[in-house]
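When we follow the numbering used here, the leftmost residue of the sequence shown carries the number 139, and every step to the right adds one. Comments concern the structure below.
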Amino acid sequence: MIRLFLKFFFITALILLISKSLFEWILHRQIMEDRRRVVSSMHLGVLQIISNNLRETPADRQEGVLEKIRLQFRAPLELRSLVELTNAEREKIEDKDGFIYKAIDDTKEFLGVHFDSTTYLRLGPFPDVYSGGVEDSLWGLVRIMAIKVDAGVKTKEDLDRLAEELGLPMEILPNGELPDSAANRFKSGRDVAFYLDPKIAKYFAATFLSDSQRVLRIGPLPEFKELTKSATITTLGISFLLSIALISLLIYSLSRTFRRIELAAKSIALGNFGTRVDVSKAGEARELAI
Numbered sequence: 139m140i141r142l143f144l145k146f147f148f149i150t151a152l153i154l155l156i157s158k159s160l161f162e163w164i165l166h167r168q169i170m171e172d173r174r175r176v177v178s179s180m181h182l183g184v185l186q187i188i189s190n191n192l193r194e195t196p197a198d199r200q201e202g203v204l205e206k207i208r209l210q211f212r213a214p215l216e217l218r219s220l221v222e223l224t225n226a227e228r229e230k231i232e233d234k235d236g237f238i239y240k241a242i243d244d245t246k247e248f249l250g251v252h253f254d255s256t257t258y259l260r261l262g263p264f265p266d267v268y269s270g271g272v273e274d275s276l277w278g279l280v281r282i283m284a285i286k287v288d289a290g291v292k293t294k295e296d297l298d299r300l301a302e303e304l305g306l307p308m309e310i311l312p313n314g315e316l317p318d319s320a321a322n323r324f325k326s327g328r329d330v331a332f333y334l335d336p337k338i339a340k341y342f343a344a345t346f347l348s349d350s351q352r353v354l355r356i357g358p359l360p361e362f363k364e365l366t367k368s369a370t371i372t373t374l375g376i377s378f379l380l381s382i383a384l385i386s387l388l389i390y391s392l393s394r395t396f397r398r399i400e401l402a403a404k405s406i407a408l409g410n411f412g413t414r415v416d417v418s419k420a421g422e423a424r425e426l427a428i
């Protein structure tokens, strides 16, 4: 019985250890996939707009135009060689509307889109949103869109077309329609305000247009999902199946042992007194086998 107890204890400890590691692995994968979704949803549109604009710019002026665009961003923006990418990454980025998302050490995040046959346009690493850098990570996106609105948006249809290119809703509002949370950010000296609209519990980013009377608002912005519950359910399901498999294996092993003893007992009852059970394989039934 002691051996049987030890086996059950070992199986229980093994399942708990595997469940812990499995939960951490599943949660980490889901978090990284969610970060990829949020980062690409917010920044991919503006990166593609910049890439398209640069391709339309004469080659001798591209670097100068790119330098002006860089001034609007709080994250590095640069043209880089496709050679530095893996084959899989090159295939992704060269697809129609393709892009790559990379997270180095789970903290430094980059986004890249195809530019020409030898280079791609990369934005990142982004400011760490977990240390209060959300506004900085959105800075370039919001300012570039404000410049475009100032330069050529005359009608609501123009704004809708630009919003479709960006992949995020955009609105032009009078300054007085902003909630206090946004107004306070501007009063503190920020050119870009990231704020929660209390009326609908959604996040937005905004900046003043050139006339200082109107505000460009972008959003609602994509938000991170609550992933703990999903990871827990997945882990419990896999752990339950693993428990069934290990316990079934243990029961099967016990049943085979007792089946051998049962057959040996029947054989002895029929007069075959030379019948023996291999005690070394009797396991938990060793004393019964003897």
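Cβ atoms here follow ideal geometry from the backbone N, Cα and C, with glycine treated the same way.
- When rounded, the separation of the alpha-carbon atoms in residue 327 and residue 321 is 10 angstroms.
- With a contact defined as Cβ atoms closer than 8 angstroms, residue 280 and residue 343 qualify at about 5 angstroms.
- Residue 333 has its alpha-carbon roughly 39 angstroms from the corresponding atom of residue 197.
- Under the three-state reduction of DSSP output, residue 187 falls in the helix class.
- Within 10 angstroms of the beta-carbon of residue 355 lie 16 or more other beta-carbons, which makes it buried.
- Rounded to whole angstroms, the separation of the alpha carbons of residue 184 and residue 251 is 11 angstroms.
- Beta-carbon to beta-carbon, residue 174 and residue 239 are separated by about 5 angstroms, close enough to satisfy the 8 angstroms threshold.
- Excluding residues up to 5 positions away in sequence, 265 lie with their Cβ nearer than 6 angstroms to the Cβ of residue 271 in the same chain.
- With 16 or more neighbouring CB atoms inside 10 Å of its own CB, residue 297 falls in the buried class.
- Contact check for residue 330 against residue 277 passes: the beta carbons are separated by less than 8 angstroms.
- According to DSSP, residue pairing for residue 340 in a beta bridge involves 335.
- Membership of residue 323 in the alpha helix (DSSP H) is indicated by the continuous run 318 to 325.
- The beta carbons of residue 262 and residue 247 sit about 6 angstroms from each other, so the pair counts as a contact at 8 angstroms.
- Secondary structure of residue 150 (DSSP, three-state): helix.
- Around the Cβ of residue 210, a 10 Å sphere holds 16 or more other Cβ atoms; the residue is buried.
- Per the C-alpha coordinates, the member of 345, 215, 323 positioned closest to residue 357 is 345.
- Closest by C-alpha distance to residue 153, out of 200, 341, 375, is 375.
- Here the alpha carbons of residue 159 and residue 286 stand approximately 48 angstroms from one another.
- Selection 383, 370, 385, 219 evaluated against residue 168 yields 370 as nearest (Cα-Cα).
- Within 10 angstroms of the beta-carbon of residue 284 lie 16 or more other beta-carbons, which makes it buried.
- Annotation: the segment 229 to 259 contains the following complete segments of the beta strand (DSSP E) (minimum length 3 residues), in chain order: 237 to 242, 246 to 252.
- Judged by DSSP in its simplified three-state form, residue 306 adopts coil rather than helix or strand.
- Residue pairing of residue 312 in beta bridges, as defined by DSSP: 352.
- Taking 8 angstroms as the cut-off, the beta carbon of residue 253 is found no closer than this to the beta carbon of residue 178.
- Per DSSP, reduced to three states, the secondary structure at residue 224 is coil, with no helix or strand assignment.
- Taking the C-beta atoms as reference points, residue 164 is found nearer than 8 angstroms to residue 372.
- Residue range 197 to 208 is occupied by the alpha helix (DSSP H) that includes residue 204.
- Within the same chain, 228, 256, 257, 258 come within 7 angstroms of residue 220 by CB-CB distance, once the 5 residues on both sides are set aside.
- Beta-bridge annotation (DSSP): residue 161 is not paired with any residue.
- Going by DSSP, residue 217 is part of the beta strand (DSSP E) stretching over 215 to 219.
- Here residue 359 carries a coil assignment [DSSP, helix/strand/coil].
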